[in-house]
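Number of protein chains: 2
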Amino acid sequence: MHKLSSTDTLFLLNESRETPMHVGGVHLFTLPEGADEIEFLSDLGELLHDDAALSFPFGQRLRESRLPSCPPIRWEEDPKLDMEYHVRHSALPRPGRYRELFALVSRLHSTLLDRSRPLWEFNLIEGLQNRQFATYSKVHHAAIDGAMGMHLANSMYSSDPDSRAEHSPFSVRSFKRYQHKLAELHADANDETPTADEISSVNYMVSEALGSAVNVGKAIGQSLEAYLKDGKLRMPFSEVPHTPFNQRLSGARRFVAQSWSFDRVYAVGKALDGTLNDTVLAMSAGALRKYLKTHAELPTVSLKAMAPMSLRPAGDVTSSNAVAAITVDLATNVADAELRYRTIQESMREGRQLLQQLTRREIDFYTMIMQAPAIMVGLMGVEHKLPAYSTVISNVPGPRKQMYWNGASLNGMYPASAINHGTGLNITMVSNNKSLDFGIVACLDSMPLVQRLIDYLEDALVELEELAGIRPQQRRGRSEQPA
Amino acid sequence: MHKLSSTDTLFLLNESRETPMHVGGVHLFTLPEGADEIEFLSDLGELLHDDAALSFPFGQRLRESRLPSCPPIRWEEDPKLDMEYHVRHSALPRPGRYRELFALVSRLHSTLLDRSRPLWEFNLIEGLQNRQFATYSKVHHAAIDGAMGMHLANSMYSSDPDSRAEHSPFSVRSFKRYQHKLAELHADANDETPTADEISSVNYMVSEALGSAVNVGKAIGQSLEAYLKDGKLRMPFSEVPHTPFNQRLSGARRFVAQSWSFDRVYAVGKALDGTLNDTVLAMSAGALRKYLKTHAELPTVSLKAMAPMSLRPAGDVTSSNAVAAITVDLATNVADAELRYRTIQESMREGRQLLQQLTRREIDFYTMIMQAPAIMVGLMGVEHKLPAYSTVISNVPGPRKQMYWNGASLNGMYPASAINHGTGLNITMVSNNKSLDFGIVACLDSMPLVQRLIDYLEDALVELEELAGIRPQQRRGRSEQPA
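Structure follows, in structure tokens:
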């Protein structure tokens, strides 16, 4: 029987109609040649409805505490699991563009999961143009973290277009089979560039390993020392300027997504002697600077991003707990693109260096202390007055090859994260085959024009390419992908 | 500036993820001959998106109280009204049967409205078979009651197939125009049978007229006297047996709907010397008896229904406050159909007689006292242990003619109400032209087979027809309508 960690419980306590705490994403596919859409989706639907021996968290619900007004501390098997409820078939109104897809996903991402059941929903979405279809999934953050979410996604797909799934992707059998495959996959991956280290930032930083037994008071004391080792280090809550997206949230979300060529972004980092992560942070910083200049007022103080950071050694793909958060200075108040890039790079380097000096145990404490104030402030209901960060920017490693789901080619994996009062913008990207798939979640009220960020991200990448002395023949990214 | 009554506030306080407090419904249409679906729906969409001078509650949001942890007491204009958020375009997956429609509506009806905006959503739904399309609307119960909801629906439609809407149905102009029309409409209606009185039960019984100034303690004392005038009167909470649908609810709803011929139901009442309302209560009682016998255990104690009851004089169509609730003995433990009918009839008669003896002021108190315990029990979180009623069965008068929306003929008006812990089933019907349109809302977990009620309602009607000595050539109802 699974237990909830104290962090899991905080995700439950911190949830409201205005701040649903689920994470998920949109995956985009092209039907195999000659396949009939209705038949193909109905076959997938049948597979997904199988309720035999599901892996965690798909068959487990929260077990109510026997003490009144105590939060749940365990998961239990759902005795009346109803796959019809969890697996849904949706459709887009015509003309079935990405615009209609994002409108639907924005709505689906805005509603709370039902706490009396396993905390997930999965949508098969038909009605897209050009023989494409999509899925949208959401799972409660108390049940899953970003790394685990990516494992689950990967376990559904195969690099072999002729491979056909025999079991539900939610089944224990499927997940065990995937675990066996992981070692081989990783061996392959090691031969390729970039290294796992370069794309190893992952979202959802508070590790389950902390467990419920951690004495928070003691941890704060121990961590404070580590925290103060480097006075230049950016800390949460310090110098986070007010922007339209650092307010109290309404209950409505806006989701937008777009893919960029992995090679384009990687080339910038290589030319500027930075990492892929430095470059996506700089892209985001450039885009946010332009957004604020155009649609609001650019703060004189620079924006600070929370960048979840993987600390796992190069060979380790099984542990999911080696994760910490770095506060990055986005230098949005700096007009010069090079100076902005260097400031971001330096800020990341400082954060990483601090973490490297710490023992694993200290890192666990450090991670918690970085998160604890945000959660405390959240529980007090004043997080919109005291934002911990301007935004979260997260980079999740995904598959390095073209992947297929029952023969349908995977065109994009766009993450959709949770946002919170005070930090109402999340930019998460997944490296998927030859692209970087960006998924952006914002509050509809504080960032009604969030779709502009897509254009501004491209503008920022072009600016970086010019800075790096790269002159691509075609500047616009994979324009066949969502805008 | 609109104020919230204490009842409105209770609907807000009593709301949770498991018990959303909105009401709404599905309206079904056939496209005008020769009309192009995309063009037609896009024209409607344009009309609906107009945000100029909206009538209450479409442009008003809750104004937060200045005192912390106090509920809102006023509505205010939403300064950043976003019609794009409220008016939604949805689609059904193929093959676009009523089954897919009800699955979508069940999901839409299960999610909470966003409290930071005007408390309504409106969906245009495409993708139905046979040139049909649908709308699904939801409005918070704190903002609207059933009678008002029906007025709003009626204000959208015209009995003239050539009439075209010039203003948004949510606009002040549209609603004013409708108010002018009402008197004429009523004059027509008076010439027809049945009388308004016979179909005058309406849902949502707690009137806004009570206001927030009512001293609840005093009212309880004053009402108790009236309450005890007739010892035989059925009272809430007394002898409500345990059934699968009288439990704590999960956050998922199941919605089903079906139309019956108005004449068929009316003929039974006429032959048995009962009202239309007696007959729909008997239909529901017969159906519930069969459901419990087949899928659960039939309680030896009879089920009790809450029947909202209009008290308005025959000529009055403008006041919306003359509404009270009667507790009806459904006699589900009685095998004999005639005895069951007579018990229901007698129970309704007693309830009505009591109300007729009371002054208007006493009726207001009586209504509140009938509701107050349910709401109190709800706030204490024990309503599933102490259900006030087995179910709510409500009969809402709708249009007497074939209506059209911009030339599209209205085929059905299926209400979708709110349910609560302990009373997890609502059967509401609207008289619409020549049919009675039933909409049933249940909790997915406690009544997963609620769609069987549709068949059982037909069986119960056939039983009543046999009892009444009516032998129709074709016994099945309007089978072209939803099942």
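Protein chains in written order, with the working numbering: chain A, 755 to 1237; chain B, 755 to 1237. Each residue gets a CB set at the ideal place from its N, CA and C atoms; glycine is no exception. Since the model is a prediction, treat every value here as computed from it, not as a measurement.
- The closest CA to that of A:Gln883, considering only A:Asp836, A:Leu906, A:Phe929 and A:Glu854, is found on A:Glu854.
- Closest option to A:Gly1161, judged by alpha-carbon separation, among A:Leu785, A:Met775 and A:Ile1147: A:Leu785.
- A:Pro1202 has its alpha-carbon roughly 31 Å from the corresponding atom of A:Asn1187.
- Among the residues facing chain B, A:Ile827 is not included, as its CB has no counterpart in that chain under 9 Å away.
- A Cβ-Cβ distance of about 13 Å is found for the pair B:Pro826 and B:Pro872, leaving them out of contact under the 8 Å criterion.
- With a 10 Å radius around the Cβ and a threshold of 16 neighbouring Cβ atoms, B:Asp914 comes out exposed.
- Taking one beta carbon from each stretch, the region 1167 to 1176 of chain A and the region 774 to 790 of chain A have 3 or more pairs nearer than 8 Å; the two touch.
- Distance from the Cα of A:Gly1166 is smallest, within the candidate group A:Met1060, A:Trp829 and A:Gly1152, for A:Gly1152.
- For the region 792 to 810 of chain A, residues whose beta-carbon sits nearer than 9 Å to a beta-carbon of chain B comprise Ile792 and Leu795.
- Assignment of A:Phe856 by DSSP, reduced to helix, strand and coil, places it in the helix class.
- DSSP places B:His840 within a helical segment (H, G or I) once states are collapsed to three.
- Around the CB of B:Arg842, 16 or more other CB atoms lie within 10 Å, so the residue is classed as buried.
- Secondary structure of A:Ile1147 (DSSP, three-state): strand.
- In the displayed model, A:His934 falls within a helix according to three-state DSSP.
- Out of B:Leu758, B:Thr1177 and B:Thr1054, the CA that lies nearest to the CA of B:Arg1002 is found in B:Thr1177.
- Of all residues in the region 834 to 861 of chain B, only Lys834, Asp836, Glu838, Tyr839, Arg842, His843, Ser844, Ala845, Leu846, Pro847, Arg848, Pro849, Gly850, Glu854, Ala857, Leu858 and Arg861 come within less than 9 Å of chain A when Cβ atoms are compared, listed by chain position.
- Between A:Ala1006 and A:Val1146, the gap from beta carbon to beta carbon reaches 9 Å or more.
- By the CB criterion at 9 Å, B:Met910 and B:Ser928 fall inside the cutoff.
- Membership of A:Phe1192 in any alpha helix (DSSP H) is not indicated; the residue belongs instead to the beta strand (DSSP E) covering Ser1189 to Cys1197.
- In the DSSP assignment, B:Asn1180 falls within the beta strand (DSSP E) that extends over Leu1179 to Asn1186.
- When only Cα atoms are considered, B:Arg851 and B:Leu1093 end up about 39 Å apart.
- A:Leu801 and A:Ser922 do touch by the CB rule: their CB atoms are close to 6 Å apart, below 8 Å.
- Nearest to A:Thr763 by alpha-carbon distance, out of A:Ala897, A:Ile1224, A:Arg771 and A:Ala1091, is A:Ala897.
- B:Leu1198 belongs to the set of residues whose beta carbon lies under 9 Å from a beta carbon in chain A.
- Residues of the same chain with a CB within less than 7 Å of the CB of A:Leu782, apart from the 5 flanking positions on each side, are Gln886, Ala888, Asn1165 and Gly1166 in chain order.
- Linking A:Thr1086 to B:Arg817 through their CA atoms gives a straight-line distance of about 36 Å.
- Identification of chain A residues near B:Leu866 by a Cβ-Cβ cut-off of 8 Å yields Arg771, Thr865, Leu866 and Gly1005, ordered along the chain.
- If the five residues before and after B:Tyr1045 are omitted, its C-beta is found closer than 7 Å to the C-beta atoms of Arg1206, Leu1207 and Tyr1210, all from its own chain and listed in chain order.
- A:Glu880: member of the beta strand (DSSP E) spanning Trp874 to Glu880, first to last residue.
- As the crow flies, the alpha-carbon of B:Ser1038 is around 11 Å from that of B:Leu1218.
- Counted as a single uninterrupted DSSP element, the alpha helix (DSSP H) harbouring B:Ser796 occupies residues Glu791 to His803.
- For A:Asp1209, the secondary structure class from DSSP, reduced to helix, strand or coil, is helix.
- In this structure, B:Ser844 and B:Leu858 form a Cβ contact; the two beta carbons are roughly 7 Å apart against a cut-off of 8 Å.
- Look at A:Pro872: its C-beta is not under 9 Å from any C-beta on chain B.
- Along the region 872 to 897 of chain A, going in chain order, the ones with a CB nearer than 7 Å to a CB of chain B are Glu880 and Gly881.
- Within the region 877 to 931 of chain B, the complete alpha helix (DSSP H) segments at least 4 residues long are 900 to 910, listed from N- to C-terminus.
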